[in-house]
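S.K.: Mind looking over this structure? Questions follow.
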Amino acid sequence: MSLRFKKNINYNTIIGLWEIDPEILAESADLNLSENQFRRLDSFGTDRKKAEFLSVISLVRTLLDQKPHVEVKYNANGQPFLEAAEYNISITHSGKFVAILLSKDAVPGIDIEQVSEKIARIEDKFMSVDEMNSAKAEGEHKNSHKVVVWTTKEALFKFYGDGNIIFKENLLVEPFKFDGKGVINASIVVKDMHKKFDVHYEKIDDYILTYVLG
2 MSLRFKKNIN YNTIIGLWEI DPEILAESAD LNLSENQFRR LDSFGTDRKK
52 AEFLSVISLV RTLLDQKPHV EVKYNANGQP FLEAAEYNIS ITHSGKFVAI
102 LLSKDAVPGI DIEQVSEKIA RIEDKFMSVD EMNSAKAEGE HKNSHKVVVW
152 TTKEALFKFY GDGNIIFKEN LLVEPFKFDG KGVINASIVV KDMHKKFDVH
202 YEKIDDYILT YVLG
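In the working numbering, the protein residues as written are 2 to 215.
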């Protein structure tokens, strides 16, 4: 078992972080997978993708107290949903982690990303000028700052659920100081929505985990 943590954010919301263990592939027979889950598992071309898929199943079951009949399905927009469960779900994975946010009374969005130069190389694709200037002022923490901006926008994108979004124009993050963990303000600005959100972020190992509830 590779559960890093399971937390109740409030009475109706649960978050969990799972560290992917390649050995989970050898344990797949013990997971009591459905026929549909076996088909999806076989559809993945790499052991890495298979381990991610099995980790999602394991984490969902852990968060919902080991209910094997609850399955993650995907709608026409590629958004996950749970069959036979009362929770909305958001899923993210990057590197060694899978994270899931479940909520009964809110639409969740979650993202995790490793802090690296990769995000810095594409900053002009997703950050506004004001956001880039805010990150530059962070000095040694500038890459962590940029990853907070990236994961914030990814979480908002998942919350919104419509792919018609330009990250640097429609998803805006207010200036903030990176503190390792905190709450920042961000907005979705589109024709049918102009809404501000509190976004929670935390640095875990060399990753940034970010989530929003709306």
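Heads up, the beta-carbon is just placed ideally off N, CA and C, and yes, glycines get one too.
What residues are listed by DSSP as bridge partners for G183?
M.R.: Bridge partners of G183: Y202.
S.K.: What does the alpha-carbon distance come out to for the pair K154 and A30?
M.R.: Going from the Cα of K154 to the Cα of A30 covers about 37 Å.
S.K.: Taking P176 as the reference, which of I185, E170 and K143 has the closest Cα?
M.R.: Considering only alpha carbons, the answer is I185.
S.K.: Under the assumption that V99 contacts L64 (Cβ atoms under 8 Å), give the Cβ distance between them as a whole number of angstroms.
M.R.: With 8 Å as the limit, V99 and L64 do not qualify as a contact, their Cβ atoms being about 11 Å apart.
S.K.: On the DSSP bridge assignment, give the partners of T14 in chain order.
M.R.: Beta-bridge pairing links T14 to N11 and S104.
S.K.: To which residues does DSSP link D112 through a beta bridge?
M.R.: Paired residue(s): T211.
S.K.: Among K8, K97, E84 and I16, which one has its Cα closest to the Cα of S35?
M.R.: That would be E84, whose Cα lies nearest to the Cα of S35.
S.K.: DSSP three-state label for M128, please.
M.R.: Three-state DSSP puts M128 in coil, outside helix and strand.
S.K.: Could you have a look at S44 and say whether DSSP puts it in helix, strand or coil?
M.R.: Helix at S44.
S.K.: Can the beta-carbon of L55 be found less than 8 Å from the beta-carbon of I25?
M.R.: Yes; because the gap between Cβ atoms is below 8 Å, this pair is in contact.
S.K.: In terms of residue numbering, what span does the alpha helix (DSSP H) encompassing F168 cover?
M.R.: Segment F168 to N171, the alpha helix (DSSP H) holding F168.
S.K.: Rounded to the nearest angstrom, how far is the Cβ of Q115 from that of S95, given a contact under 8 Å?
M.R.: The Cβ separation is near 6 Å, so the contact holds.
S.K.: Can you check whether the CB of P109 is closer than 8 Å to the CB of Y219?
M.R.: Lying before the first or after the last residue shown, residue 219 is absent from the chain, which here runs from 2 to 215.
S.K.: Do you know whose CA, among L102, G140, N76 and V149, lies nearest G181's CA?
M.R.: When each option's Cα is compared against that of G181, the closest is V149.
S.K.: When DSSP labels each residue in this structure, what does N89 get in the three-state scheme?
M.R.: Strand at N89.
S.K.: When burial is assigned at 16 or more other CB atoms within 10 Å of the CB, is Y208 buried or exposed?
M.R.: The residue is buried, with at least 16 neighbouring Cβ atoms inside 10 Å.
S.K.: Residues in its own chain within less than 8 Å of N171 by CB, not counting five upstream and five downstream?
M.R.: Contacts found: I189, V190 and V191.
S.K.: Where Q80 and I123 are concerned, what is the direct C-alpha to C-alpha distance, given to the nearest angstrom?
M.R.: Distance between the alpha carbons of Q80 and I123: 25 Å.
S.K.: How would you write the range of the alpha helix (DSSP H) that F158 sits in, first residue to last?
M.R.: Start and end: K143 to Y161.
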